[in-house]
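Undergrad: Okay, handing you the structure first.
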Amino acid sequence: MVRRILRKGRVALLCLSVLALHMAGAAAQAQQQENHLLNFRDADIRALIDDISMMTGNTFIIDPRVKGKVTVISREPVPGPQVFDIFLSTLRVYGFTAVTTSSGAYKIVPDEAAMQDGNAAAGEAVDDILVTEIFRLRNIDPITALNSVKPIVHRQGRAIAHRNHDFLLIVDYAGNMERIRRVLRDIDADLQITRIVSLENTGAEEMADMLVRLRGASGGEDGGDAAFSALPMTSSNTLVLRGADDVIARLIPLIEDLDARNANKGDIRVIYLKHADAEKLVPVLEGVSKSMGQRGGGDGGPANAEVSIVFEKGTNVLLISASPDMQNALERVIKQLDVPRAQVLVEAIIVDVSDTAARELGLQYILSGGDGSTIPFTATNFSSRAPNILAATGALLGDRLDLSDDALDNLQQAAVDSLIGLNGFTGGFAGQTSDGTIFGVILNAVQRDIASNVLSTPSVMTMDNETAKILVGQEIPITTGEALGANNANPFRTVNRQDVGIELEVQPQINEGDDILLYIRQEVSSVLGSVVEDSPDLITQKREIETTVMVKNGEILVLGGLIQSDESITVEKVPLLGDIPLLGNLFKSNSRRLQKTNLMVFIRPTIVRNAEDMRAVTERKYNVMRGEQILRKGSTEGTLDYMVREVIGTANDIPQLPIAPADSGGN
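Under mature numbering (1 follows the signal peptide of the UniProt record, and there is no 0), residues -30 to -1, 1 to 637 are what the sequence shown spells out, in order.
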């Protein structure tokens, strides 16, 4: 029962509150509609504000600086809606103003503070409220607009020009703001015109540059009366002018006069190149000018005028004789071509690993008949064996034969040469029986193992899209022909020189994203020996790769290689006898040769775009050579550093490398 009574009490209280608020609002509205007699003589301004708040129902926030006495006298009652306007005018007379807030209340502040705090919406009906407004300018310079409206801005107001964003910010009383709007609307009207002027003898860009300099000299840069713009149209050699009518009217006769003065003067333009080669640019520019002349149309027009392009190699200069528009067009092409070109360092790694194993085993014998035998001798002799048993036997028995001294000398020389050519192990025995039979046996056994590991790292630097070549090797003579004179006299040979060694030829092309299209030819060649003994004809060994690849900057790429295994087995034997099991080995010679070759070629291109990149790759190579020399010599005397200082007179600042102690037991 008690809870029900309490609940009913709360509802009644809520209803009374709503009724009270409604009645208060109605009372305030009634107050605003009533007439009020305003008579304040030397009244405190805060008392006036309090009374006005009661009359209008507005909320006021009073600045502590608002103090003083005011006088307001009205002979007749004032309608409620006019009370607030009279109050604002009174504040303005005494140096104060009301500034609206976001909550709808008003701040009463001194005028100087209101210049910074004023935030009433533009178009406020009350003339004595400070408002802030931004004026966007479309056709007039902000500085010019500021100078035009500054005289009509209230002395307590403020106007600021923002040139970078083309607008004015103005703080002033609402009653004066409408006047400022009308002035800005009139002066910001688009009064400019556009005219197109065709040029016959002067390039459009050249004329536009001259007009821009003229505008700067006349003060037109600041948006004054001389302000105008000139846009060159090089394709049609015309000039688009925009500005005030009177300014354009003065410019057109000047342009026509300057254009007429250039007629038939045969202008020659000298262009100094900074990076490109003038000799290489001439054919490119001639092709461009020819193409432009064909598109120009109209006989005798500027595009079809005679064009002459020459270069001076010593100063790397281009001289262009043509119409102005053609000169301007060619100069634009030159600017795009005359740019620093990147370079590419191409490093190759050539790895050649080979292993050769050979085994040889052979038996030779000779057996001659005795005195009065019908069989002179029997022997086994194989082409690959040394010494030659027949040559040795002939030399031993030469004194028993009826031979001349020269023939005997030849037999003995053949035997000596055969013995000099011995390899491996050679053993044997010989003898003569009582009946004069001569016998001899020679056993030859050879084993050879040859291992090689060749590592070469040629490198070369070149410009983008330029071919570079490096060769480290020798020139050897190659016989190409032989001839004899009359009666087989005066023989002579024709010889060509051939490069043998390591050769690297590259042509890089830098693409987008630091991809490098690389044409490369890499060759490794060497001399193996003569075709036959004592022959001038040589056998050369050659390994070559020629290809075009795409590789990223700084990446290592394998170009190709060869993995080869050669095995050869040679058996020389006496027919039938050499096939006898076990015993047949006495009548045969065996040789076996196994050769394995592993060859791989790797490359790494590095793009060098600036001096910093160039310094980095140079110091890296310099450090390698310098470090190798110091580690071997143990001092800097006679090294690369020493030569650079003594010959060139300078040396790069390179970190000190550890120096190995000298080998006291060296060779």
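Think of the CB as a built atom: it goes at the ideal place given N, C-alpha and C, for glycine as much as any other residue. Remember, it's a predicted structure, so these values are computed and weren't measured experimentally.
Pair every Cβ in the segment 103 to 115 with every Cβ in the segment 138 to 151, then say whether three or more of these pairs are closer than 8 Å.
TA: yes
Undergrad: Assuming residue 507 and residue 496 are in contact, meaning their beta carbons sit under 8 Å apart, how far apart are those beta carbons, in whole angstroms?
TA: About 16 Å; that fails the 8 Å criterion.
Undergrad: Is it buried or exposed for residue 462, if we count other Cβ within 10 angstroms and need 16 for buried?
TA: Its Cβ having fewer than 16 others within 10 Å, residue 462 is exposed.
Undergrad: If you check the beta carbons only, do residue 432 and residue 450 fall under 8 Å apart?
TA: no
Undergrad: Buried or exposed: which applies to residue 59, given that a residue is buried once 16 or more other Cβ atoms fall within 10 Å of its Cβ?
TA: When all chains shown are included, residue 59 counts as exposed.
Undergrad: Under 8 Å, with one C-beta from each stretch per pair, do the segment 308 to 320 and the segment 196 to 209 reach the 3-pair mark?
TA: no
Undergrad: How long is the line joining the alpha carbons of residue 579 and residue 585, rounded to whole angstroms?
TA: 11 Å
Undergrad: Since I believe residue 511 is in contact with residue 324 (beta carbons under 8 Å), could you give me their beta-carbon distance rounded to a whole number of angstroms?
TA: The pair is not a contact, with the Cβ atoms about 11 Å apart (cut-off 8 Å).
Undergrad: Of the choices 569, 307 and 332, whose alpha-carbon is the least far from that of residue 556?
TA: Of the candidates 569, 307 and 332, the one whose C-alpha sits nearest the C-alpha of residue 556 is 332.
Undergrad: Assuming residue 50 is part of the alpha helix (DSSP H), what are its boundary residues?
TA: 50 to 63
Undergrad: Express the C-alpha separation of residue 40 and residue 13 in angstroms, rounding to a whole number.
TA: 5 Å
Undergrad: Among 154, 539, 201 and 112, whose alpha-carbon lies nearest the alpha-carbon of residue 134?
TA: 112
Undergrad: Are the C-beta of residue 304 and some C-beta of chain B separated by less than 8 Å?
TA: Looking for chain B here will not work: only one protein chain is present.
Undergrad: Mapping DSSP to helix, strand and coil, what is residue 443?
TA: In this structure, residue 443 counts as strand in the three-state DSSP scheme.
Undergrad: Comparing alpha-carbon positions, which option in 49, 29 and 25 lies nearest residue 76?
TA: 29
Undergrad: For residue 286 versus residue 312, is the C-beta distance shorter than 8 Å?
TA: no
Undergrad: Just to confirm, does residue 480 get its C-beta within under 7 Å of one of the non-hydrogen atoms of the ligand GTP?
TA: By its list of ligands, the structure shown contains no ligand whatsoever, and the ligand GTP lies outside what it can speak to.
Undergrad: Look up residue 559 in the DSSP assignment and say whether it is helix, strand or coil.
TA: strand
Undergrad: Which residue wins for smallest C-alpha separation from residue 575, given the options 544, 589 and 523?
TA: 523
Undergrad: Name the one or two DSSP bridge partners that residue 533 has.
TA: Beta-bridge partners assigned by DSSP to residue 533: 568.
Undergrad: Starting from the Cα of residue 423, find the closest Cα among 215, 326 and 282 and give me that residue.
TA: 326
Undergrad: According to DSSP, is residue 39 helix, strand or coil?
TA: strand
Undergrad: Going along the chain, which residues of its own chain have a beta-carbon closer than 7 Å to the beta-carbon of residue 240, five neighbours each way excluded?
TA: 287 and 289
Undergrad: Using only CA atoms, which one of 577, 108, 611 and 224 lies nearest to residue 638?
TA: Since the displayed the chain opens at -30 and closes at 637, residue 638 lies outside it and no answer follows.
Undergrad: Using only the alpha-carbon positions, how far apart do residue 253 and residue 181 sit?
TA: 34 Å
Undergrad: Would you list, in sequence order, the uninterrupted alpha helix (DSSP H) runs of no fewer than 4 residues that lie entirely inside the segment 90 to 171?
TA: 112 to 119 and 144 to 157
Undergrad: With DSSP as the reference, label residue 23 as helix, strand or coil.
TA: helix
Undergrad: Assign residue 251 to one of three DSSP states: helix, strand, or coil.
TA: Per DSSP, reduced to three states, the secondary structure at residue 251 is helical.
Undergrad: Got a sec? Which residues, its chain only, sit under 6 Å from residue 473 by beta carbon, not counting five neighbours each side?
TA: 441 and 493
Undergrad: Based on Cα-Cα distance, which residue from 250, 488, 416 and 314 lies nearest to residue 329?
TA: 416
Undergrad: Can you grab the Cα-Cα spacing for the pair residue 179 / residue 577, in whole Å?
TA: 39 Å
Undergrad: By how many angstroms is the C-alpha of residue 23 removed from the C-alpha of residue 33?
TA: 15 Å
Undergrad: Which of the three DSSP states is assigned to residue 527 in this structure?
TA: strand
Undergrad: Pairs of beta-carbons, one from the segment 475 to 482 and one from the segment 526 to 537, closer than 8 Å: are there three or more?
TA: Contact fails: fewer than three Cβ-Cβ distances are below 8 Å.
Undergrad: Measure how close the beta-carbons of residue 529 and residue 515 come, nearest whole angstrom, since I'm counting them as under 8 Å.
TA: 5 Å
Undergrad: On the criterion of 16 or more Cβ atoms from any shown chain inside 10 Å, does residue 4 qualify as buried, or is it exposed?
TA: exposed
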